[in-house]
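**Q**
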Amino acid sequence: MKKIDVIIFFVILLLGIVLMLIPSYSNLIKEERDLKSMKREMTNIIDELSKLKDTLNILSKERENLLLEGRKKAFDKKGFSIFLKELAILLKKHNILSFSIIPEEVQDVPNLPENFPLKIKRIPLNFQLAGRYQELLTFFQDLELQNYPIKFLNYKITHFNLESDRILLNFNGKLEIYLLEEE
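Count the sequence shown with my numbering and you get residues 27 to 209, in order.
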C-alpha cells in the first residue's frame, strides 16, 4: 500500500507539474509568435521610414533646385542693370534702328504659394523697336540664348518703309521682368 501511495503521489505530482507547465509553455509559444510578429512589423516600419527618408531627401533636393531655378528666373537689382547694359549691346550688334522701353508700376507676382521663400516683384514693360526682318530675328534669337528671366505677354509687328529700297518692321509689345526684392 505504501508503494501505491508513493506511485499515486508521483503520478499526481507529475500530473500537477504537467498541468502547470503546459499553460506556461503555450503562453511562451504565443508570446514568441507575438514577438516575431512585432519584429516583422518593426522591420516593415523601418523599411517604410527608410523609403520615406529617401523620398524626403529627393524632395528636399528638388526644392533646392526649384529655389535655384527661381533665383535664375528673377533678376536682382544688379542683374537687372546688367540686363539693360547687355540689351543695349545686343541692340547695337543687330543694327536695331529704334528702341524704347516704357516701364509700368512694379507689381506683386500673383499666385505664389503661401510662405514662398523668395520675394519677387514683376515689372511690366511696354517696348517698341524697329529694324529689318533679319536683324529683328537674330536679335530675338540672341535674346533667347541669353536665358533672361523675361516673359513676352503680347506683341504686334507692322511694317513701314523708311527708304524706298528697305522694308522695315516695327515691333511693339509688352513683356514682364521679374525682380528679386532685397530682404
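Yeah, the Cβ is synthetic: ideal placement off N, Cα and C, and Gly gets one too.
Predicted model, so just to flag it, every value in this text is computed and none were measured.
Less than 8 Å between the CB atoms is what I'm expecting for Phe153 and Ile127, so what's the real figure, rounded?
**A** Rounded, the Cβ-Cβ distance is 5 Å, consistent with contact.
**Q** Compare the C-alpha of Ile176 against each of Leu123, Phe186, Arg148 and name the closest.
**A** Looking at the Cα atoms, Arg148 is the closest of the given residues.
**Q** Beta-carbon separation of Tyr181 and Asn198 under 8 Å?
**A** Going by C-beta atoms, Tyr181 is nearer than 8 Å to Asn198.
**Q** Report yes or no: do the segment 129-141 and the segment 164-173 share at least 3 C-beta pairs separated by less than 8 Å?
**A** Contact fails: fewer than three Cβ-Cβ distances are below 8 Å.
**Q** Given this structure, state the Cα-to-Cα distance separating Lys119 from Leu195, to the nearest angstrom.
**A** If you take the alpha carbons of Lys119 and Leu195, they lie about 17 Å apart.
**Q** Where Lys87 and Asp80 are concerned, what is the direct C-alpha to C-alpha distance, given to the nearest angstrom?
**A** If I take the Cα positions, the gap works out to 11 Å.
**Q** Mind reading off the beta-carbon distance from Lys200 to Leu144? Whole number of angstroms is fine, and I expect it under 8 Å.
**A** With 8 Å as the limit, Lys200 and Leu144 do not qualify as a contact, their Cβ atoms being about 24 Å apart.
**Q** Look up Pro175 in the DSSP assignment and say whether it is helix, strand or coil.
**A** Correct three-state label for Pro175: coil.
**Q** What does the Cβ neighbour count give for Glu130, buried or exposed, with the cut at 16 atoms within 10 Å?
**A** Result: exposed.
**Q** Any idea if Ile203 is buried or exposed, counting beta-carbon neighbours within 10 angstroms, 16 or more meaning buried?
**A** It is buried - the Cβ of Ile203 has at least 16 other Cβ atoms within 10 Å.
**Q** Nearest-angstrom Cα distance between Gly157 and Ile122?
**A** Cα-Cα distance, rounded: 5 Å.
**Q** For the beta strand (DSSP E) that Ile122 lies in, which residues bound it at each end?
**A** Neither: Ile122 is in no beta strand (DSSP E) and is coded neither H nor E.
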